[in-house]
Every structure is written in structure tokens, then in C-alpha cells.
Amino acid sequence: MAGSGQPQDRLDRVVRVIAQNMVAEVCSIYLARAGGILELFATEGLKEEAVHQTRLRVGEGLVGLVAERGLPLNLSEAPQHPRFVYRPETGEDIYHSFLGVPILRTGKVVGVLVVQNVAPRRYKPEEVEALQTISMVIAELVASGALVAKEELSEDSTTVGEPVTLDGMSLAGGVGAGVAVFHQPQVHITRTVADDVDLEKVRLEEAIAELRLQLEQLIEHPDLAHGGEHREVLETYRMFAYDEGWQEKMRDAVLSGLTAEAAVDRVQQENRARMYKIRDPYLRERIADFEDLATRLIRIIQGDKSDYRTKLTEDAILVARTIGPAEL
């Protein structure tokens, strides 16, 4: 992916390398376009004339199902799946096995990465992990806007240069005037593939320990010494930070070849995709808790010690996407 050449050429090389290394007859990349469309952008194994011609809607076919759910789909007999859709221009009727993983960027599906085989087989967990790791690198290329215009990657795309109007809901009447301060802009991960897995394991473990220490110090602060609702909220928050399942997933992601920060990000994107499907409002509310934890952990890993609070003046107006319980 870091090689020279046009983005399309790099994408074409990637599908060839993946197919070769995974011993797959087919490897394809579908990218999201405006209007909920998934377009075949590159393939090794399917008919070349289908590239940029085959399009599926999100939710249509197996590729559309992966995009809809935001989760991997591993099938040994793809044609027997009720959501299977045959597109004759691709020539994929001879392939039985199917493995598709979403290409996620900041929690949003921007494409689907697929491998297929003629012989029926269920892909191994390590193969699924490998494909998920590769999808993160592809997501960085997609985010650059070199393949799909950045405007198309936004659900509410607007023409560059035009004013944007956002409709909100008022929670408190009146007008406030002051200096806007942005609460912790989104973290950016510039390095996703690890050069030294052992080093990344150490970085992750040290960051987890530091995260726990920060929470312990916060809970033991004199202002919370007498208990109450605030302390109870933070106790629950601390419980998430000690969740072994969450940490084990991050460790596995590092072992698959990701940097520590990329591992945290991938696990969080998977959690977000799963939890958005939950209808229970209480459980969905926990998305914000995990978002805050993941962001804190990534900042610790990256050594980001910036503090927006130093910019707060008496007339400051704090602007935030979400503010977790620890911040409050």
C-alpha cells in the first residue's frame, strides 16, 4: 500500500498479493459511493470488465450484508445463503467459499474486502484477522480521497465552499456568547502496521496500566471521597477499563500485526458496529463510555499530553461530540 504508483494501481496490486498469500482464487475490493452504493473497484479472479461496472446497494447480496452489519461474514457455501445475489458479469458462480470484512474508517463502513474460493471451506480465525488488518490499511488510502471523493464518504455531503446549515435541538433556552473551545479533536492514527510486534505489545500494556492508574486517581479524588452518584458512575466506568475481553481483543489485534494505537482503534470500531445494532437504549449508551476509554487509551499510547482545559477562559463555550463520565 505504501508503494509508488496511482491509487488504482496500488489497489490492483493489493488484491493480487492478498489472493496469492491467502491461496484464494478471488480477492475483490468494493468501495462505498454516494447513495448507499458499493462499487467493485479492484479484483483478482473475477472478470476484469466487471470492475467499476458491478454495483450493489448496501444490504444487497453478501457484500451488501457485510456493509450493512459492519461485521465479517465467513461462509463455506455462499450460494446457499438467503442473501446471496448472483451477478453474471462477474463470473463468480463457480465460487463456493466467501469471506468478507468491512473496511471501516472512524466507525463508518467505506468498503468491503472479499476473498473467495472454488472449494467449500470455512476460513480460519487467523485468516479473518489478517483480512481485517489489511482492511485498516486500505481504509487509510480511501480516506485520502484519491479513490473516492471525500464528499462521497460523508453521509451529508455538500459542495465544497457552500455554507452548511445544521439543525439542532435546544435543551436550554437563551443565547450565549463567548470563545468556542473544541473538546479533544478526533485522534489521528498515522501508523497502522507494526514494525516490531513485541514493542507494540509493551506499548499497549503500559498504556492500559496508565489508563487504570488515571482512573484510580480520579476515583480517589477528595471530591468523590463521600461516594454518591458521581462516584458510582466512575466505578462502572472503571469496570470497563478492567474488562479482560476488551483487552484480549486488543492484544490479539497487536499480534495480527497492528500497532498498539491501531489495535485499540480496530477493536473500538468493531464494538461500535456491534453496539449500534442493539436496540436497548441503555446498552447503546455504553458506546460513549467505550469511545471515551478508547480515545483516552490512544492518546496515552501516542504520548499526547495536550489539555484543552488550559484554553478555557471565563467566557469559554465547550464544543464536543461527546463527553465521557471521566471528563465530566
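Under the numbering used here, the first residue of the sequence shown is numbered -19, with each subsequent residue one higher. The beta carbon of each residue, even a glycine, is placed where N, CA and C say it ideally should be.
(message) Taking only three categories from DSSP, how would you classify Pro52?
(response) Mapped onto the sequence shown, residue 52 falls at position 72. It is coil, neither helix nor strand.
(message) So, does the region 107 to 116 touch the region 56 to 75, judging by three or more C-beta pairs under 8 Å?
(response) No, the region 107 to 116 does not touch the region 56 to 75.
(request) Consult DSSP for Arg(-4) and reduce its assignment to one of helix, strand or coil. (result) Locating residue -4 in the sequence shown gives position 16, where the first residue counts as 1. DSSP places Arg(-4) in helix when its eight states are reduced to three.
(message) Can you find the residues in the same chain that come closer than 6 Å, C-beta to C-beta, to Val95, ignoring five residues on each side of it along the sequence?
(response) The sequence position of residue 95 within the sequence shown is 115, counting from 1. Within the same chain, Met2, Ala4, Cys7, Leu79 come within 6 Å of Val95 by CB-CB distance, once the 5 residues on both sides are set aside.
(message) Going by beta-carbon coordinates alone, are Leu238 and Thr172 separated by less than 8 Å?
(response) Indexing the sequence shown from 1 puts residue 238 at position 258. Indexing the sequence shown from 1 puts residue 172 at position 192. Their beta carbons are under 8 Å apart, which means Leu238 touches Thr172 by this criterion.
(request) Could you check which residue in Glu48, Leu51, Ala99, Thr34 has the C-alpha nearest to that of Gly71? (result) Numbered from its first residue, the sequence shown carries residue 71 at position 91. Minimum Cα distance to Gly71 is reached at Thr34.
(request) Could you please give me the residues that DSSP links to Tyr10 through a beta bridge? (result) As a first step, residue 10 is located in the sequence shown; it is residue number 30 there, counting from the start. According to DSSP, which records beta bridges pairwise, Tyr10 is partnered with Leu20, Val92.
(message) Whole angstroms are fine: how far does the CA of Ile169 sit from the CA of Gly156?
(response) Along the sequence shown, read from residue 1 onward, the residue named residue 156 stands at position 176. Along the sequence shown, read from residue 1 onward, the residue named residue 169 stands at position 189. Roughly 35 Å separates the two Cα atoms.
(request) With a 10 Å radius around its C-beta and 16 neighbouring C-beta atoms as the bar for buried, classify Tyr222 as buried or exposed. (result) Locating residue 222 in the sequence shown gives position 242, counting from the first residue. The residue is exposed, with fewer than 16 neighbouring Cβ atoms inside 10 Å.
(request) Within the same chain, show all residues whose beta-carbon is closer than 7 Å to that of Gln227, passing over the 5 residues directly before and after it, in chain order. (result) For this step, residue 227 is matched to residue 247 along the sequence shown. Result list for Gln227: Ile188, in chain order.
(message) One question on the structure: do Val234 and Val177 come within less than 8 Å of each other, judged by their Cβ atoms?
(response) Your numbering for residue 234 matches position 254 in the sequence shown. Your numbering for residue 177 matches position 197 in the sequence shown. Yes, they are a contact pair.
(message) Please list the terminal residues of the continuous beta strand (DSSP E) segment that includes Val98.
(response) Counting from 1 along the sequence shown, the entry for residue 98 is found at position 118. Element bounds for Val98: n/a, residue is neither H nor E.
(request) Go ahead and label Asp245 buried or exposed: buried means 16 or more other beta carbons lie within 10 angstroms of its beta carbon, across all protein chains shown. (result) The residue labelled residue 245 in the question sits at position 265 within the sequence shown. Buried, because 16 or more other Cβ atoms sit within 10 Å of the Cβ of Asp245.
(request) Measure from the alpha carbon of Gly39 to the alpha carbon of each residue in Gly15, Gln248, Asn97, then state which is nearest. (result) Within the sequence shown, numbered from 1, the residue matching residue 39 stands at position 59. Measuring from the Cα of Gly39, the nearest candidate turns out to be Gly15.
(message) Only counting the same chain, and skipping five residues up and downstream in sequence, which positions put a Cβ closer than 6 Å to that of Ile(-2)?
(response) Taking the first residue of the sequence shown as position 1, residue -2 is located at position 18. Here the set comprises Cys7.
(message) Let me check understanding here. Comparing Cα to Cα, which of Arg231, Ala253, Glu19, Glu294 lies closest to Ala174?
(response) Working through the sequence shown from its first residue, we reach residue 174 at position 194. Measuring from the Cα of Ala174, the nearest candidate turns out to be Arg231.
(request) State the Cα-Cα distance for the pair Leu93 and Leu298, rounded to the nearest angstrom. (result) The residue given as residue 93 occupies position 113 in the sequence shown. The residue given as residue 298 occupies position 318 in the sequence shown. C-alpha separation (whole angstroms): 39 Å.
(request) State buried or exposed for Leu193, treating a residue as buried only when at least 16 other CB atoms are found within 10 Å of its CB. (result) If you number the sequence shown from 1, residue 193 lands on position 213. Flag for Leu193 reads exposed.
(message) With the cut-off set at 8 Å, would you say Arg102 and Ser56 are in Cβ contact?
(response) As a working mapping, residue 102 is identified with position 122 in the sequence shown. As a working mapping, residue 56 is identified with position 76 in the sequence shown. A contact, by the Cβ cut-off of 8 Å.
(request) In the DSSP assignment, find the alpha helix (DSSP H) that holds Ile188 and state where it starts and stops. (result) Here the question's residue 188 lines up with position 208 in the sequence shown. Note, Ile188: alpha helix (DSSP H), 177 to 199.
(message) When you compare the CB positions of Arg37 and Ile9, do they come within less than 8 Å of one another, or not?
(response) The residue you call residue 37 lines up with position 57 of the sequence shown. The residue you call residue 9 lines up with position 29 of the sequence shown. Not a contact, by the Cβ cut-off of 8 Å.
(request) Look up Leu84 in the DSSP assignment and give the residues it is bridged to. (result) Sequence index remark: in the sequence shown, residue 84 carries index 104 (1-based). Answer is Val89.
(message) Is the separation between the beta-carbon of Val167 and that of Arg279 shorter than 8 Å?
(response) In the sequence shown, counting from the first residue as 1, residue 167 sits at position 187. In the sequence shown, counting from the first residue as 1, residue 279 sits at position 299. Closer than 8 Å, so yes.
(message) I need the straight-line Cα distance from Asp(-11) to Val81, nearest angstrom please.
(response) By one-based count along the sequence shown, residue -11 stands at place 9. By one-based count along the sequence shown, residue 81 stands at place 101. Going from the Cα of Asp(-11) to the Cα of Val81 covers about 21 Å.
(message) Using DSSP's beta-bridge definition, name the partner residues of Ile297.
(response) Indexing the sequence shown from 1 puts residue 297 at position 317. DSSP, once it has assigned bridges, lists Ala160 as partnering Ile297.
(message) Assuming Arg246 is part of the alpha helix (DSSP H), what are its boundary residues?
(response) In the sequence shown, the residue the question calls residue 246 occupies position 266. Under the DSSP assignment, Arg246 falls in the alpha helix (DSSP H) whose first and last residues are 240 to 255.
(request) Run the proximity test for Val299: is its beta-carbon closer than 7 Å to any non-hydrogen atom belonging to the ligand SAH? (result) As far as ligands go, the structure on display features none, and thus does not contain the ligand SAH.
(request) Please report the residue range of the alpha helix (DSSP H) in which Arg231 lies. (result) Locating residue 231 in the sequence shown gives position 251, where the first residue counts as 1. Its alpha helix (DSSP H) spans residues 224 to 235.
(message) Here's the rule: buried if 16 or more other CB atoms are within 10 angstroms of the residue's CB, otherwise exposed. What is Gly283?
(response) By 1-based counting over the sequence shown, the position of residue 283 is 303. Gly283 comes out exposed.
(message) Going by C-alpha to C-alpha distance, which of Gly44, Val43, Glu241 sits closest to Glu185?
(response) Indexing the sequence shown from 1 puts residue 185 at position 205. Taking Glu185 as reference, the option from Gly44, Val43, Glu241 with the minimal CA-CA separation is Glu241.
(request) On a CA-only basis, which of Thr216, Asp(-8), Ala160 is nearest Gly25? Give me that one, please. (result) As a first step, residue 25 is located in the sequence shown; it is residue number 45 there, counting from the start. The shortest CA-to-CA distance from Gly25 to any of Thr216, Asp(-8), Ala160 is the one to Asp(-8).
(request) Would you mind stating whether Phe220 and Asp269 have Cβ atoms separated by less than 8 Å? (result) Here the question's residue 220 lines up with position 240 in the sequence shown. Here the question's residue 269 lines up with position 289 in the sequence shown. Yes, the Cβ-Cβ distance between Phe220 and Asp269 is below 8 Å.
(message) Please state the DSSP three-state secondary structure of Phe78.
(response) Along the sequence shown, one-based indexing puts residue 78 at 98. Strand.
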